[in-house]
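Taking my numbering, the leading residue of the sequence shown gets 9, the next gets one more, and so forth.
Ideal placement from N, C-alpha and C gives every residue a C-beta, glycine not left out.
Just so we're clear, the structure is a prediction, and the values are computed from it rather than from any experiment.
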Amino acid sequence: MTPALLHDPVIDLAVRLGLAVLLGTAAFHKARDLGAFRDTLRDYDLLPQWTIAPMAPVVIALELSIAGSLAAIPHGVAGPLGAIVLLAVYSAAIGINLARGRREIDCGCLGPALRQPLSEWLLVRNGVVILGALVVIVPTSPRPLTWVDVLSLAGAVTTLSLIWISTNRLTATWRQLGRARLAR
């Protein structure tokens, strides 16, 4: 991509809204089963036990507030910076547990419906999302959006969301497929 494309408001909005959808959905999954999310936080073994119960809703609120900021403030940097910091903290927690050899705990990324064990892939994935958040810190061109831009934006956000869902589903089931092959 050329640097001029990075400054286009459609790309900026697509990434911002994609990040907002990602974080909003993550918060929804966590809030849907708060008990399971508390268990996930406990499994990471990084916080004192007495902080687990109060931290679970704080994490959900952070994700929701960052998602809201990304969606509501088109050129602000608070949302992207919040996403970068949050994803960096998540990546650190994953990295620490991988270094401890604790691969079987659920990352907590997909909610209670689908477990996704920790892996290096999650660090790569988070790194890509962090790069996306860095892109939207770059100022955009001031051109007005047209109806074609709105259609492009809707298509881009939908595509980014489907790529995210598909990639996470595939990586979550990859180990299950490997175990099924070994069991034969």
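Could you please give me the residues that DSSP links to Pro-125 through a beta bridge?
Asp-114
Label Thr-167 either buried or exposed according to how many other C-beta atoms from any shown protein chain fall within 10 Å of its C-beta, with 16 as the threshold for buried.
exposed
Checking contacts by CB at 9 Å: is Gly-26 closer than that to chain B?
In the structure shown, chain B cannot be found, because there is only a single protein chain.
Decide if the stretch 26-44 is in contact with the stretch 69-89; the criterion is three or more beta carbon pairs, one per stretch, under 8 Å apart.
Because the criterion of three Cβ pairs below 8 Å is met, the stretch 26-44 and the stretch 69-89 touch.
For Val-144, which option in Val-132, Lys-38, Pro-82, Ser-169 has the closest C-alpha, if you only look at C-alpha atoms?
Checking every option, the nearest Cα to that of Val-144 belongs to Pro-82.
Burial state of Arg-177 (16 or more Cβ within 10 Å):
exposed
Give me the residue from Ile-60, Lys-38, Thr-48, Leu-139 with the minimum Cα distance to Val-23.
Leu-139
Of the residues Tyr-98, Ala-101, Ser-127, Leu-122, the one placed nearest Arg-111, counting alpha carbons only
Ser-127
Exposed or buried, what is Gly-87 when buried is set at 16 or more other beta-carbons lying within 10 Å of its beta-carbon?
buried
Buried versus exposed call for Gly-163 [16 or more other C-beta atoms within 10 Å across all chains shown]:
exposed
Indicate the three-state DSSP secondary structure (helix, strand or coil) for Arg-50 in the structure shown.
helix
Proximity to Ala-35 [Cα-Cα], best of Leu-122, Cys-117, Pro-152:
Cys-117
Through-space distance from Arg-50 to Pro-65, alpha-carbon basis
14 Å
Nearest CA to the CA of Leu-95: which residue from Val-132, Val-156, Thr-175?
Considering only alpha carbons, the answer is Val-132.
Quick one: grab the DSSP three-state call for Pro-88.
helix
From Ser-92 to Trp-155, what distance separates their C-alpha atoms?
Position check: residue 92 holds Ile in this sequence, whereas Ser was assumed. Answer to the nearest angstrom: the Cα atoms are 31 Å apart.
Could you give the DSSP three-state label for Gln-81: helix, strand or coil?
Here the sequence assigns Ile to residue 81, which means Gln is not the residue at that position. In this structure, Ile-81 counts as coil in the three-state DSSP scheme.
Give the range of the alpha helix (DSSP H) segment to which Thr-33 is assigned.
17-40
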